[in-house]
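Presented below is the structure to which this report refers.
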Amino acid sequence: MSDLRRPIVVGNWKMYLSSRAEVRAAEGIRRLAPPLARKMDIVVCPSFPQLADVRRLFARSRVHVGAQDVHSAELGPFTGDVSASQLSALVRYVIVGHSERRRHHGETDAQVGEKIRLAVRAGLHPVVCVGETRAERDAGETVRRISAQVTTLLDGLPVLELPRLVFAYEPVWAISAGPGKPAPQPDPEDAAEMIGLIRKVAARLGQRRYAEKMRILYGGSVTAKTVAAFVSQPGVDGALPGAASTQPAEFIAIAREILRCRS
Ligand code: PGA
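When we follow the numbering used here, the leftmost residue of the sequence shown carries the number 220, and every step to the right adds one.
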């Protein structure tokens with residue numbers, strides 16, 4: 220089944236780079252990506268102000284642009300927020316439910332579920348982040364937490380839309396504090412087990428044949444050196460690097476490793 224799913228790497232630049240550095244990083248990726256971009260999806264998620272410029276830079280390349288977040292309402296009195304329909308002219312992907320949004324902006328699974336439904340309706344591919352905290356893992360709550368997250372997030376989503384989704388299993392405690400500040404990573408077999416669980420829960424809520432088409436990534440302190448251990452596990456379709464994605468050579472090296480392990 221897995222060969223039906225196209226490998227994918229999603230770079231989350233967060234708020235790491237100045238506007239000029241974002242353009243420079245995009246230029247570097249545009250130079251290095253072509254041999255890989257035919258065989259896999261390469262997605263870069265810059266800051267909101269740089270979406271248009273980065274999109275223009277990638278116009279004739281096969282590199283896709285994604286946003287780092289979207290609001291959970293269609294339109295309305297939400298100062299500083301951006302809706303899925305507004306984004307849809309600029310991007311193809313959008314990250315939702317990132318643990319930094321949950322932590323710093325108090326986002327709930329129910330809100331993230333709304334974001335997924337609106338993103339799908341706007342024709343976008345949501346990159347849906349789930350993962351347990353350190354405390355939840357230590358309490359033996361990981362399976363329960365991931366199952367509950369996926370169940371709430373997919374509530375009300377038409378099953379036909381599952382293949383459009385990309386899930387990312389990102390244990391909160393494995394996300395780096397920035398470039399050069401990696402966090403501990405989970406055992407790759409444990410990560411693959413959680414990724415299998417995400418697919419199982421999605422299949423239970425929807426239908427197996429649609430859940431099988433949904434791509435699921437690992438994220439959390441991924442580098443070109445560590446990514447192979449995760450993507451060589453069954454059912455892992457790619458990675459969501461943050462800090463490492465801001466360096467074009469490292470980001471493309473991660474993409475190359477994903478392709479190597481998945482070919
Ligand atoms: P990291 O970030 O690779 O820097 O840990 C991943 C993420 O937060 O999406």
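In this text, a Cβ means the ideal position worked out from N, Cα and C, and glycines have one as well.
All values reported here derive from a predicted model rather than from experimental measurement.
What separation, rounded to the nearest whole angstrom, lies between the Cα atoms of G457 and P226?
Working through the sequence shown from its first residue, we reach residue 457 at position 238. Working through the sequence shown from its first residue, we reach residue 226 at position 7. Roughly 6 angstroms separates the two Cα atoms.
Would you say the beta carbon of I394 comes nearer than 8 angstroms to a heavy atom of the ligand PGA?
If you number the sequence shown from 1, residue 394 lands on position 175. Short note on I394: C-beta closer than 8 angstroms to some heavy atom of the ligand PGA.
Start and end residues, beta strand (DSSP E) containing V446:
Taking the first residue of the sequence shown as 1, we reach residue 446 at position 227. For V446, there is no enclosing beta strand (DSSP E); the residue is found in the alpha helix (DSSP H) stretching over 446-450.
Quick check: S482 and K258, are their CB atoms within less than 9 angstroms of each other?
Translated into the one-based positions of the sequence shown, residue 482 becomes position 263. Translated into the one-based positions of the sequence shown, residue 258 becomes position 39. For S482 and K258, yes; Cβs fall inside 9 angstroms.
Nearest-angstrom Cα distance between E408 and E241?
Working through the sequence shown from its first residue, we reach residue 408 at position 189. Working through the sequence shown from its first residue, we reach residue 241 at position 22. Using only the alpha carbons, I get a separation of about 34 angstroms.
Closest by CA to L236, which one among P398, R418, K334, L337?
The count along the sequence shown starts at 1 and reaches residue 236 at position 17. Among P398, R418, K334, L337, the Cα nearest to that of L236 is on P398.
When every heavy atom of the ligand PGA is checked, does at least one fall within less than 8 angstroms of the C-beta of V441?
Numbered from 1 along the sequence shown, position 222 holds the residue referred to as residue 441. Checking the Cβ of V441 against the ligand PGA gives yes.
How would you write the range of the alpha helix (DSSP H) that I261 sits in, first residue to last?
Working through the sequence shown from its first residue, we reach residue 261 at position 42. Premise fails: I261 lies in the beta strand (DSSP E), 260-264, not in any alpha helix (DSSP H).
Near E380, what residues of its chain come up, given a Cβ to Cβ distance below 6 angstroms and the 5 sequence neighbours on each side ignored?
Within the sequence shown, residue 380 is the residue found at index 161, counting from 1. Within the same chain, E380 has close Cβ partners V339.
Shorter than 8 angstroms, the distance from the beta carbon of P254 to the closest heavy atom of the ligand PGA, or not?
Within the sequence shown, numbered from 1, the residue matching residue 254 stands at position 35. No, the beta carbon of P254 sits no closer than 8 angstroms to any heavy atom of the ligand PGA.
How close, in whole Å, do the beta carbons of G316 and V347 come, if the pair is a contact with beta carbons under 8 angstroms?
What you label residue 316 is simply residue 97 of the sequence shown in a count that begins at 1. What you label residue 347 is simply residue 128 of the sequence shown in a count that begins at 1. Separation of the CB atoms of G316 and V347 is rounded to 6 angstroms, and the pair is thereby assigned contact status at 8 angstroms.
Applying the 10 Å Cβ sphere with the 16-neighbour rule, what's the burial state of V228?
For the purposes of this step, residue 228 is identified with residue 9 of the sequence shown, where counting begins at 1. V228 comes out buried.
Who are I435's beta bridge partners in DSSP?
Position 216 of the sequence shown, counted from the first residue, corresponds to residue 435. Per DSSP, F386.
Whole-number beta carbon distance between Y429 and M413, since they are thought to touch under 8 angstroms
As a first step, residue 413 must be located in the sequence shown, where it is residue number 194. As a first step, residue 429 must be located in the sequence shown, where it is residue number 210. Contact between M413 and Y429 is ruled out by a C-beta separation of about 20 angstroms, above the 8 angstroms threshold.
Near A329, what residues of its chain come up, given a Cβ to Cβ distance below 7 angstroms and the 5 sequence neighbours on each side ignored?
Here residue 329 refers to the residue found at position 110 of the sequence shown. Exclusion of the five residues before and after A329 leaves T371 as the residues of its chain whose Cβ lies within less than 7 angstroms of its Cβ.
Identify whether P403 lies in helix, strand or coil by the three-state DSSP scheme.
Numbered from its first residue, the sequence shown carries residue 403 at position 184. The three-state reading of DSSP puts P403 in coil, since its state is none of H, G, I, E or B.
Within the same chain, show all residues whose beta-carbon is closer than 7 angstroms to that of D272, passing over the 5 residues directly before and after it, in chain order.
Counted from its first residue, the sequence shown places residue 272 at position 53. The answer, listed in chain order, is V242.
If you draw a straight line from the alpha carbon of S238 to that of I248, how long is it in whole angstroms?
Residue numbering aside, residue 238 sits at position 19 when the sequence shown is read from its first letter. Residue numbering aside, residue 248 sits at position 29 when the sequence shown is read from its first letter. The straight-line gap from Cα to Cα measures roughly 16 angstroms.
How many whole angstroms separate the CB atoms of A422 and P453, which I take to be in contact at a CB cut-off of 8 angstroms?
Numbered from 1 along the sequence shown, position 203 holds the residue referred to as residue 422. Numbered from 1 along the sequence shown, position 234 holds the residue referred to as residue 453. Incorrect: roughly 15 angstroms between the Cβ atoms, too far for contact.
Relative to the alpha-carbon of M433, which residue among A292, F386, A354, P467 has its alpha-carbon at the smallest distance?
As a working mapping, residue 433 is identified with position 214 in the sequence shown. The option with the nearest alpha carbon to M433 is F386.
In terms of DSSP beta bridges, what is I314 paired with?
The residue labelled residue 314 in the question sits at position 95 within the sequence shown. V346.
Please report the distance separating the alpha-carbon of S280 from that of V310.
As a first step, residue 280 is located in the sequence shown; it is residue number 61 there, counting from the start. As a first step, residue 310 is located in the sequence shown; it is residue number 91 there, counting from the start. Per the coordinates, the alpha-carbon of S280 lies some 14 angstroms from the alpha-carbon of V310.
With distances taken from CA atoms, which of D260, G285, V262 is nearest P268?
One-based indexing of the sequence shown puts residue 268 at position 49. Closest option to P268, judged by alpha-carbon separation, among D260, G285, V262: G285.
Would you kindly check if the distance between the Cβ of A303 and the Cβ of L337 is under 9 angstroms?
Position 118 of the sequence shown, counting from 1, holds the residue named residue 337. Position 84 of the sequence shown, counting from 1, holds the residue named residue 303. Taking 9 angstroms as the Cβ cut-off, L337 and A303 qualify as a contacting pair.
Relative to the alpha-carbon of I365, which residue among V441, A468, V391, R479 has its alpha-carbon at the smallest distance?
By one-based count along the sequence shown, residue 365 stands at place 146. Closest by alpha carbon: V391.
Is any heavy atom in the ligand PGA found nearer than 8 angstroms to the beta carbon of E333?
Residue 333 sits at position 114 when you count from the first residue of the sequence shown. It does not: the Cβ of E333 is nowhere closer than 8 angstroms to a heavy atom of the ligand PGA.
Among residues of its own chain, excluding the 5 on either side of Y312, which ones have a beta-carbon nearer than 8 angstroms to its beta-carbon?
Counting from 1 along the sequence shown, the entry for residue 312 is found at position 93. Cβ within range, chain order: V229, V262, C264, H283, V284, G285, A286, L343, H344, P345, V346, V385.
Distance cut-off 8 angstroms: A402 Cβ against heavy atoms of the ligand PGA:
Reading the sequence shown from its first residue, position 183 is the one you call residue 402. A402 Cβ: within cutoff of the ligand PGA.
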